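Protein chains in written order, with this note's numbering: chain A, 1 to 241; chain B, 242 to 482.
For every residue, glycine included, the Cβ atom is placed at its ideal position computed from N, Cα and C.
None of these values were measured; they are calculated from a predicted model.
Some notes on the structure that comes next.
Number of protein chains: 2
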Amino acid sequence: MSALLSRGEFEARLRAVGAERYHSLHPFHRLLHDGKLNKGQVQAWALNRYIYQARIPVKDAIIVSRLPTADLRRTWRVRLEDHDGNAPGEGGLERWLKLTDGLGLDRKVVASEAQALPATVFAADAYVHFVRDRTVLEAIASSLTEMFSPTIIAERVEGMLRGYDFVSKETLSYFNARMTQAPRDADFALNYCLEMASTRAEQDACIAALIFKCNVLWSMLDALHHAYVEPGHVPPGAFKP
Amino acid sequence: MSALLSRGEFEARLRAVGAERYHSLHPFHRLLHDGKLNKGQVQAWALNRYIYQARIPVKDAIIVSRLPTADLRRTWRVRLEDHDGNAPGEGGLERWLKLTDGLGLDRKVVASEAQALPATVFAADAYVHFVRDRTVLEAIASSLTEMFSPTIIAERVEGMLRGYDFVSKETLSYFNARMTQAPRDADFALNYCLEMASTRAEQDACIAALIFKCNVLWSMLDALHHAYVEPGHVPPGAFKP
Chain A
1 MSALLSRGEF
11 EARLRAVGAE
21 RYHSLHPFHR
31 LLHDGKLNKG
41 QVQAWALNRY
51 IYQARIPVKD
61 AIIVSRLPTA
71 DLRRTWRVRL
81 EDHDGNAPGE
91 GGLERWLKLT
101 DGLGLDRKVV
111 ASEAQALPAT
121 VFAADAYVHF
131 VRDRTVLEAI
141 ASSLTEMFSP
151 TIIAERVEGM
161 LRGYDFVSKE
171 TLSYFNARMT
181 QAPRDADFAL
191 NYCLEMASTR
201 AEQDACIAAL
211 IFKCNVLWSM
221 LDALHHAYVE
231 PGHVPPGAFK
241 P
Chain B
242 MSALLSRGEF
252 EARLRAVGAE
262 RYHSLHPFHR
272 LLHDGKLNKG
282 QVQAWALNRY
292 IYQARIPVKD
302 AIIVSRLPTA
312 DLRRTWRVRL
322 EDHDGNAPGE
332 GGLERWLKLT
342 DGLGLDRKVV
352 ASEAQALPAT
362 VFAADAYVHF
372 VRDRTVLEAI
382 ASSLTEMFSP
392 TIIAERVEGM
402 LRGYDFVSKE
412 TLSYFNARMT
422 QAPRDADFAL
432 NYCLEMASTR
442 AEQDACIAAL
452 IFKCNVLWSM
462 LDALHHAYVE
472 PGHVPPGAFK
482 P
């Protein structure tokens with residue numbers, strides 16, 4: 001049996017997962033941020049990423065349903081408000097559709113999910129199943145990729161505005177909101193894990209949950225890269241730019 | 242509302258799904274069957290396909306648990322015997338490990354699933370979740386890829402024996418058993434769907450279930466192709482030949 005990690009060591013191990021496996025390191029993200037993709041490839045990214053966005057409030061509702069106190073549920077519920085809004089036309093999912101609108105995609109096609117890559121759907125659904133089937137601690141730890149997102153978002157907005165004339169500040173409004181939401185959410189989730197993981201096995205389970213989540217994000221970019229950067233690999237039925 | 246399909250039309254639509262989307266059409270399979278892969282690439286295929294093999298008896302047990310009569314459960318239970326055997330060292334999963342043994346892979350590493358591509362795990366798990374969460378009719382329809390498997394298996398065994406000196410008849414023994422099991426299972430499942438789908442909506446749900454299952458198999462080969470045929474795309478933590 002390995003010894004319990006100190007709070008500082010445990011946090012360092014979690015941060016190391018991001019340094020090694022967060023999707024900011026994926027070649028597709030570099031192409032996206034460096035303005036190296038064509039409009040069809042950026043469309044494919046936005047259409048597929050919609051699947052992930054659509055699963056976020058679902059997985060957050062599952063987490064709310066599994067939290068034991070009103071305090072915890074109320075705290076986590078803020079994420080539902082962020083993504084689903086408080087009225088029609090509001091919220092992060094709606095802002096994602098503004099991005100797909102801005103890219104010239106048909107909103108009905110995007111929301112139908114019919115043209116997404118199956119691998120994207122399997123990965124995003126794996127995240128939903130994970131937060132339902134694993135411990136609450138693992139479910140919360142799997143959200144910790146948000147610790148790493150402010151950097152990638154800043155790079156992405158800056159790089160996309162510079163690299164693509166078909167992208168505007170308005171169409172990227174989703175990311176502005178995330179710049180403040182993600183650090184607030186990540187702080188809460190990190191402190192929860194640091195407090196509640198009281199055995200080394202629980203600490204290791206948190207680290208594994210964060211690796212799992214990095215794999216979800218990474219595999220979505222692998223699927224995009226294979227289908228839309230390598231020539232001739234769009235699977236049957238998927239979006240053709 | 243579309244009209245109910247005749248039995249013949251319904252069967253033809255199901256077979257058309259295979260003709261358009263079965264993974265026999267995937268470029269990775271052509272490379273595999275034509276002897277165009279190196280040993281490391283064949284190892285990666287066998288190690289990843291193990292994940293799918295390991296989920297088969299799990300999804301079959303879920304289907305058994307959802308069938309309403311002893312007759313139906315007994316019929317479907319044969320699949321559990323085929324895959325898990327009646328004693329240690331028997332069954333299809335064990336025969337798959339003979340294949341990975343024959344390819345020089347460490348059985349413990351294969352069975353740990355630790356070096357599989359995350360996309361493989363997400364796809365195989367999606368199949369398990371599908372048979373748990375959808376109707377029994379859809380769960381059974383999703384097994385109908387077995388209608389198309391005898392042809393691909395015959396090609397695969399013949400092509401691999403000819404193309405690779407590191408593969409023997411003994412290591413491919415898994416596929417011999419499948420040549421008789423798959424048609425028997427597919428006949429039963431096809432008749433079940435033809436009988437039990439009594440509305441057009443149910444027929445369409447069967448067709449969609451079969452498309453879903455083709456997507457599972459296809460996306461596993463996409464992931465293999467991206468990681469092991471395109472250079473430099475093995476994701477963090479996955480098998481390196």
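query	result
Note down the Cα distance separating B:Phe407 from B:Leu340, rounded to an integer number of angstroms.	11 Å
Using the Cα positions of A:Val216 and A:Ala124, report the straight-line distance between them to the nearest angstrom.	7 Å
Since A:Leu221 contacts A:Phe28 with CB under 8 Å, what's their CB separation in whole angstroms?	4 Å
On a Cα-Cα basis, can you pick out the residue from B:Leu413, B:Ile393, B:Arg348 that is closest to B:Ile292?	B:Arg348
Considering Cα atoms alone, identify which of B:Gly404, B:Arg403, B:Leu334, B:Tyr433 is closest to B:Ala418.	B:Leu334
Just to make sure I have the definition right: I need the residues of chain A whose C-beta is within less than 9 Å of the C-beta of B:Arg262. Which are they?	Pro235, Pro236, Gly237
Kindly say whether A:Asn176, judged by its beta-carbon, lies nearer than 7 Å to any beta-carbon of chain B.	no
Put A:Arg276 into one of helix, strand or coil per three-state DSSP.	No answer is possible for residue 276 of chain A: it lies beyond the span of chain A, which begins at 1 and ends at 241.
Closest to B:Arg271 by C-alpha separation, out of B:Arg397, B:Thr412, B:Tyr405, B:Ala464, would be which residue?	B:Arg397
Find the residues of chain A that neighbour B:Trp459, judging by a C-beta separation of less than 8 Å, and give them in chain order.	Pro118, Pro235, Pro236
Tell whether a beta-carbon distance below 7 Å holds between A:His233 and A:His226.	yes
Counting pairs of beta carbons, one from the region 321–336 of chain B and one from the region 434–445 of chain B, are three or more of them closer than 8 Å?	no
Would you call A:Ala116 buried or exposed, if buried means 16 or more other Cβ atoms sit within 10 Å of its Cβ?	buried
From the DSSP output, in three-state form, read off A:His26 for me.	coil
Give a yes or no on contact between the region 61–69 of chain A and the region 128–142 of chain A, applying the rule of three or more CB pairs nearer than 8 Å.	yes
Note down the Cα distance separating B:Arg315 from B:Ala430, rounded to an integer number of angstroms.	14 Å
Following a CB-centred definition, is B:Asp323 positioned closer than 6 Å to any heavy atom of the ligand FAD?	Looking at this structure, you won't find the ligand FAD or any other ligand, since it has none at all.
Give the residues of chain A in contact with B:Glu471, contact being defined as C-beta atoms less than 7 Å apart.	Glu230
What residues from chain A crowd round B:His370, counting only those whose CB sits closer than 8 Å?	Asp125, His129
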